[in-house]
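A.B. asks: Please read through the structure below; I'll follow up with questions.
Number of protein chains: 2
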Amino acid sequence: MPRPVSAADLQAALARRHRPAKPSNHTSPCHQRVLAIDPALRRTGWAVIEGGASNPRALAWGTITNAAKLSTAACLVEIHRQLVEIIGNHRPEVCAIESTIFVQSMRTAITLGMSSGACLIAAGSAGLPIFQYAPREIKQAVVGRGGAQKSQVAFMMRSLLGLRETPAADAADAMAVAITHLQSHNAEAIGTSPRRRL
Amino acid sequence: MPRPVSAADLQAALARRHRPAKPSNHTSPCHQRVLAIDPALRRTGWAVIEGGASNPRALAWGTITNAAKLSTAACLVEIHRQLVEIIGNHRPEVCAIESTIFVQSMRTAITLGMSSGACLIAAGSAGLPIFQYAPREIKQAVVGRGGAQKSQVAFMMRSLLGLRETPAADAADAMAVAITHLQSHNAEAIGTSPRRRL
Numbered sequence: 003m004p005r006p007v008s009a010a011d012l013q014a015a016l017a018r019r020h021r022p023a024k025p026s027n028h029t030s031p032c033h034q035r036v037l038a039i040d041p042a043l044r045r046t047g048w049a050v051i052e053g054g055a056s057n058p059r060a061l062a063w064g065t066i067t068n069a070a071k072l073s074t075a076a077c078l079v080e081i082h083r084q085l086v087e088i089i090g091n092h093r094p095e096v097c098a099i100e101s102t103i104f105v106q107s108m109r110t111a112i113t114l115g116m117s118s119g120a121c122l123i124a125a126g127s128a129g130l131p132i133f134q135y136a137p138r139e140i141k142q143a144v145v146g147r148g149g150a151q152k153s154q155v156a157f158m159m160r161s162l163l164g165l166r167e168t169p170a171a172d173a174a175d176a177m178a179v180a181i182t183h184l185q186s187h188n189a190e191a192i193g194t195s196p197r198r199r200l
Numbered sequence: 003m004p005r006p007v008s009a010a011d012l013q014a015a016l017a018r019r020h021r022p023a024k025p026s027n028h029t030s031p032c033h034q035r036v037l038a039i040d041p042a043l044r045r046t047g048w049a050v051i052e053g054g055a056s057n058p059r060a061l062a063w064g065t066i067t068n069a070a071k072l073s074t075a076a077c078l079v080e081i082h083r084q085l086v087e088i089i090g091n092h093r094p095e096v097c098a099i100e101s102t103i104f105v106q107s108m109r110t111a112i113t114l115g116m117s118s119g120a121c122l123i124a125a126g127s128a129g130l131p132i133f134q135y136a137p138r139e140i141k142q143a144v145v146g147r148g149g150a151q152k153s154q155v156a157f158m159m160r161s162l163l164g165l166r167e168t169p170a171a172d173a174a175d176a177m178a179v180a181i182t183h184l185q186s187h188n189a190e191a192i193g194t195s196p197r198r199r200l
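Sequence lines, in order, name chains A and B.
Under our numbering, read the first sequence as residues 3 to 200, first letter to last.
Under our numbering, read the second sequence as residues 3 to 200, first letter to last.
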């Protein structure tokens with residue numbers, strides 16, 4: 003059982019991040035506009051984050067919410083439709099998506115696969131390169147501990163991105179996917195991380 | 003372990019089907035044009051079948067094949083794109099899709115969910131009502147035994163639909179989904195079967 007992430011851990015993680023950033027350069031290969039997605043049938047979090055590993059900026063974020071009475075197919079159509087609109091509005095260069103390794107049952111795995119599929123079709127049809135990251139890897143990247151809770155991730159996203167309010171949990175998770183990608187992409191650009199392109 | 007389906011079983015199933023059909027009526031609620039799909043990432047079988055339970059006719063069928071080198075996202079985009087095209091060309095009124103209950107692993111379940119999701123988005127975006135049927139239920143409906151093999155399903159489809167050649171396995175599976183739906187829909191129209199709408 004891993005030790006829970008404490009307030010001190012979060013402060014330490016923030017302090018590591020608040021080191022003065024190098025001057026940003028929009029033509030740098032490390033600078034990207036990322037559409038990040040945390041897919042789920044009823045609540046898909048999304049965020050458009052621009053910048054590099056040291057200077058990320060949140061341009062837009064939200065949650066695609068589907069009512070419990072909606073059929074599976076109707077939910078998928080809505081996820082796909084809204085993401086196509088988001089891509090059209092914000093013109094991201096790349097898509098980063100949370101992958102899933104462990105779920106409770108085959109039925110949940112199939113449903114989650116469907117939701118992820120809706121995101122991949124929207125991003126893939128727009129020609130975006132797609133990268134995936136596992137939940138533990140995302141928490142490790144943004145909080146410094148793989149066992150971090152959703153509220154801790156949201157707290158970190160508010161601090162890191164300088165948001166006025168703590169973002170909703172699903173959107174915060176998507177922001178964390180974007181931050182993970184920007185760090186990973188930065189690492190890749192300097193040759194220390196392999197590509198994990200979907 | 004169920005007894006394998008024998009040639010005699012197939013002949014008996016065919017004989018049951020070859021009873022003279024009642025005169026067909028295109029305005030009957032039992033008469034439909036069905037897009038049926040057997041989803042899979044690399045080989046998605048599809049068929050457009052028109053008619054009722056007793057007089058089905060194959061209008062078009064095929065397999066959406068994705069090369070092994072294609073990424074998951076590219077496969078999903080292709081499945082979605084081709085199905086949108088098929089729906090535009092053949093104007094089905096309803097979609098019937100093979101569901102999955104048991105798969106080997108969580109990874110397979112997620113991949114299959116993604117493939118099914120691509121089909122559901124194409125059909126759902128076109129406003130088609132969608133019905134799903136389990137593999138065992140489909141085999142039971144078309145061969146008379148839940149444990150039938152793919153080659154036996156293809157043989158039955160060739161006979162039942164009066165095709166010149168035995169269809170490829172994936173397209174034959176999709177045809178069988180359509181036949182199952184038409185039988186079920188017929189049963190539903192006469193009040194003996196519940197709706198299993200997705």
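All C-beta atoms, glycine included, are put in the ideal place defined by N, C-alpha and C.
I want to see whether chain C comes within less than 8 Å of B/Val79, judged by CB atoms only; does it?
C.D. replies: Of the protein chains in the structure, A and B, none is chain C.
A.B. asks: If you measure beta-carbon to beta-carbon, which residues of the stretch 96 to 130 of chain A are closer than 8 Å to chain B?
C.D. replies: Thr102, Ile103, Phe104, Val105, Met108, Ala111, Ile112, Thr113, Leu114, Gly115, Met116, Ser117, Ser118, Gly119, Ala120, Leu122, Ile123, Ala125, Gly126, Ser127
A.B. asks: Identify which residue in A/Ala62, A/Ile51, A/Thr67, A/Asn57 has its Cα closest to the Cα of A/Pro41.
C.D. replies: Along the first sequence, one-based indexing puts residue 41 of chain A at 39. For the residues A/Ala62, A/Ile51, A/Thr67, A/Asn57, the minimum Cα distance to A/Pro41 belongs to A/Thr67.
A.B. asks: For A/Cys97, which residues does DSSP report across the bridge?
C.D. replies: Taking the first sequence and counting its residues from 1, one reaches residue 97 of chain A at position 95. Its beta-bridge partners are A/Leu37, A/Ile132.
A.B. asks: Comparing the C-beta of A/Ile88 with each C-beta of chain B, is any distance below 8 Å?
C.D. replies: Taking the first residue of the first sequence as position 1, residue 88 of chain A is located at position 86. Not one chain B Cβ lies under 8 Å of A/Ile88.
A.B. asks: At what residues does the alpha helix (DSSP H) containing A/Ala42 begin and finish?
C.D. replies: Taking the first residue of the first sequence as 1, we reach residue 42 of chain A at position 40. Per DSSP, A/Ala42 lies in no alpha helix (DSSP H) segment and is marked neither H nor E.
A.B. asks: Got a sec? Which residues, its chain only, sit under 6 Å from A/Ala125 by beta carbon, not counting five neighbours each side?
C.D. replies: Translated into positions along the first sequence, residue 125 of chain A becomes position 123. Closer than 6 Å at the Cβ level, and outside the excluded window around A/Ala125, lie Cys97, Ile132.
A.B. asks: Assuming contact is defined by CB atoms lying nearer than 8 Å, are B/Asp175 and B/Gly47 in contact in what I supplied?
C.D. replies: In the second sequence, residue 175 of chain B corresponds to position 173, counting from 1. In the second sequence, residue 47 of chain B corresponds to position 45, counting from 1. Their beta carbons are under 8 Å apart, which means B/Asp175 touches B/Gly47 by this criterion.
A.B. asks: Less than 6 Å between C-beta atoms, sequence neighbours within five positions excluded: which residues of the same chain meet that for A/Ile81?
C.D. replies: Counted from its first residue, the first sequence places residue 81 of chain A at position 79. These residues qualify, in order along the chain: Thr46, Ile66, Ala120.
A.B. asks: Report all residues from its chain with a CB closer than 6 Å to the CB of B/Leu43; omit the five preceding and five following residues, and keep chain order.
C.D. replies: As a working note, residue 43 of chain B is residue 41 in the second sequence. Around B/Leu43: Cys77, Thr113, Ser117.
A.B. asks: Provide the residue(s) that pair with A/Gly53 in DSSP beta bridges, ordered along the chain.
C.D. replies: Position 51 of the first sequence, counted from the start, is the residue given in the question as residue 53 of chain A. A/Gln34, per the DSSP bridge assignment.
A.B. asks: Looking only at its chain, what residues have a beta carbon closer than 8 Å to the beta carbon of B/His92, apart from the 5 residues adjacent to it on each side?
C.D. replies: Sequence index remark: in the second sequence, residue 92 of chain B carries index 90 (1-based). Closer than 8 Å at Cβ, skipping near neighbours: Arg35, Leu37, Val50, Leu61, Ala62.
A.B. asks: Can a CB atom of chain B be found closer than 8 Å to the CB of A/Ser26?
C.D. replies: Taking the first sequence and counting its residues from 1, the one referred to as residue 26 of chain A is at position 24. With a pLDDT of 42 at A/Ser26, under the threshold of 50, the modelled position of this residue cannot be trusted, and the question is left open.
A.B. asks: Starting from the C-beta of B/Thr182, find all residues in its chain whose C-beta is less than 6 Å away, skip the five residues before and the five after it, and write them out in chain order.
C.D. replies: Here the question's residue 182 of chain B lines up with position 180 in the second sequence. Cβ neighbours of B/Thr182 beyond the five flanking positions: Tyr135, Ile140, Ala143.
A.B. asks: Can you grab the Cα-Cα spacing for the pair A/Ala156 / A/Asn57, in whole Å?
C.D. replies: Translated into positions along the first sequence, residue 156 of chain A becomes position 154. Translated into positions along the first sequence, residue 57 of chain A becomes position 55. Distance between the alpha carbons of A/Ala156 and A/Asn57 is about 18 Å.
A.B. asks: Just to confirm the assignment, what range does the alpha helix (DSSP H) spanning B/Arg202 have?
C.D. replies: Only positions 3 to 200 of chain B appear in the structure, and residue 202 of chain B is not among them; the question remains open.
A.B. asks: Less than 8 Å between the C-beta atoms of B/Met158 and B/Val145, yes or no?
C.D. replies: Taking the first residue of the second sequence as 1, we reach residue 158 of chain B at position 156. Taking the first residue of the second sequence as 1, we reach residue 145 of chain B at position 143. A contact, by the Cβ cut-off of 8 Å.
A.B. asks: I'd like to know whether the C-beta of A/Thr182 is nearer than 8 Å to at least one C-beta of chain B.
C.D. replies: The residue you call residue 182 of chain A lines up with position 180 of the first sequence. False, the Cβ-Cβ gap to chain B never drops below 8 Å.
A.B. asks: DSSP has A/Ile66 in a bridge; who is on the other side?
C.D. replies: Numbered from its first residue, the first sequence carries residue 66 of chain A at position 64. A/Thr46, per the DSSP bridge assignment.
A.B. asks: Specify, as a first and last residue, the run of the alpha helix (DSSP H) that B/Leu155 falls within.
C.D. replies: In the second sequence, the residue the question calls residue 155 of chain B occupies position 153. Sequence inspection shows Val at residue 155 of chain B; the Leu mentioned does not correspond to that position. 152 to 163 is the span of the alpha helix (DSSP H), which, as asked, contains B/Val155.
A.B. asks: Using the C-alpha atoms, what's the distance from B/Leu165 back to B/Arg59?
C.D. replies: Position 57 of the second sequence, counting from 1, holds the residue named residue 59 of chain B. Position 163 of the second sequence, counting from 1, holds the residue named residue 165 of chain B. Approximately 9 Å between the Cα atoms of the pair.
A.B. asks: When you compare the CB of B/His82 with every CB in chain A, is at least one pair closer than 8 Å?
C.D. replies: In the second sequence, residue 82 of chain B corresponds to position 80, counting from 1. Look at B/His82: its C-beta is under 8 Å from a C-beta on chain A.
A.B. asks: Residue range of the alpha helix (DSSP H) that B/Gln127 falls in?
C.D. replies: By 1-based counting over the second sequence, the position of residue 127 of chain B is 125. As written in the sequence, residue 127 of chain B is Ser, which differs from the Gln given in the question. Taken as a continuous stretch (DSSP letters only), the alpha helix (DSSP H) holding B/Ser127 covers 108 to 127.
A.B. asks: Counting C-beta neighbours from all protein chains within 10 Å, is the total for B/His28 16 or more, i.e. buried, or is it exposed?
C.D. replies: Here residue 28 of chain B refers to the residue found at position 26 of the second sequence. Residue placement at B/His28 is flagged as unreliable, the pLDDT there being 44, under the threshold of 50; the coordinate-derived value follows with that caveat. Result: exposed.
A.B. asks: Less than 8 Å between CB atoms is the rule here; does A/Thr29 satisfy it with respect to chain B?
C.D. replies: Mapped onto the first sequence, residue 29 of chain A falls at position 27. Its pLDDT being 43, under 50, A/Thr29 is placed unreliably by the model, and the measurement read from it follows with that caveat. Not an interface residue.
A.B. asks: Would you grab the beta carbon distance between A/Leu122 and B/Ala75 for me? Rounded to a whole angstrom, and I think it's under 8 Å.
C.D. replies: Counting from 1 along the first sequence, the entry for residue 122 of chain A is found at position 120. Counting from 1 along the second sequence, the entry for residue 75 of chain B is found at position 73. The pair is a contact, with the Cβ atoms about 4 Å apart (cut-off 8 Å).
A.B. asks: Where does A/Ala170 sit, in a helix, a strand or coil, going by DSSP?
C.D. replies: On the first sequence, residue 170 of chain A is found 168 positions in, with the first residue counted as 1. Coil, per DSSP.
A.B. asks: Use the C-beta contact count for B/Gln154: other C-beta atoms within 10 angstroms, 16 or more gives buried, fewer gives exposed.
C.D. replies: Mapped onto the second sequence, residue 154 of chain B falls at position 152. So B/Gln154 ends up on the buried side.
A.B. asks: Rank A/Gly148, A/Ala69, A/Ile89 by C-alpha distance to the C-alpha of A/Ile39 and give the top, closest one.
C.D. replies: Locating residue 39 of chain A in the first sequence gives position 37, counting from the first residue. Checking every option, the nearest Cα to that of A/Ile39 belongs to A/Ile89.
A.B. asks: Can you tell me the Cβ-Cβ gap for A/Gly64 and A/Ala173, rounded? I've got them flagged as a contact below 8 Å.
C.D. replies: Reading the first sequence from its first residue, position 62 is the one you call residue 64 of chain A. Reading the first sequence from its first residue, position 171 is the one you call residue 173 of chain A. At roughly 6 Å, the Cβ-Cβ gap stays under 8 Å, so A/Gly64 and A/Ala173 are in contact.
A.B. asks: Tell me which residues of the stretch 62 to 79 of chain A have at least one Cβ-Cβ distance to chain B shorter than 7 Å, keeping chain order.
C.D. replies: The residues in question are Ser73, Thr74, Ala75, Ala76, Leu78, Val79.
A.B. asks: Does any residue of chain A have a CB that is nearer than 8 Å to the CB of B/Ile140?
C.D. replies: Taking the second sequence and counting its residues from 1, the one referred to as residue 140 of chain B is at position 138. For B/Ile140, the answer is no, since every Cβ of chain A falls outside 8 Å of its Cβ.
A.B. asks: Which residues in chain B have a C-beta closer than 7 Å to the C-beta of A/Ile39? List them in chain order.
C.D. replies: On the first sequence, residue 39 of chain A is found 37 positions in, with the first residue counted as 1. Within 7 Å Cβ-Cβ: nothing; A/Ile39 doesn't reach chain B, min ~12 Å.
A.B. asks: Roughly how many angstroms lie between the CA atoms of A/Met177 and A/Leu130, to the nearest whole one?
C.D. replies: As a working note, residue 177 of chain A is residue 175 in the first sequence. As a working note, residue 130 of chain A is residue 128 in the first sequence. A/Met177 and A/Leu130 have their C-alpha atoms spaced approximately 18 Å apart.
A.B. asks: For A/Leu78, which of helix, strand or coil comes out of DSSP?
C.D. replies: Residue mapping note: residue 78 of chain A aligns to position 76 of the first sequence, counting from 1. DSSP places A/Leu78 in the helix class (H, G or I) of the three-state scheme.
A.B. asks: Residues of chain A with CB closer than 9 Å to the CB of B/Ile132, please, in chain order.
C.D. replies: As a working note, residue 132 of chain B is residue 130 in the second sequence. Per Cβ cutoff of 9 Å: Ser73, Thr74, Ala75.
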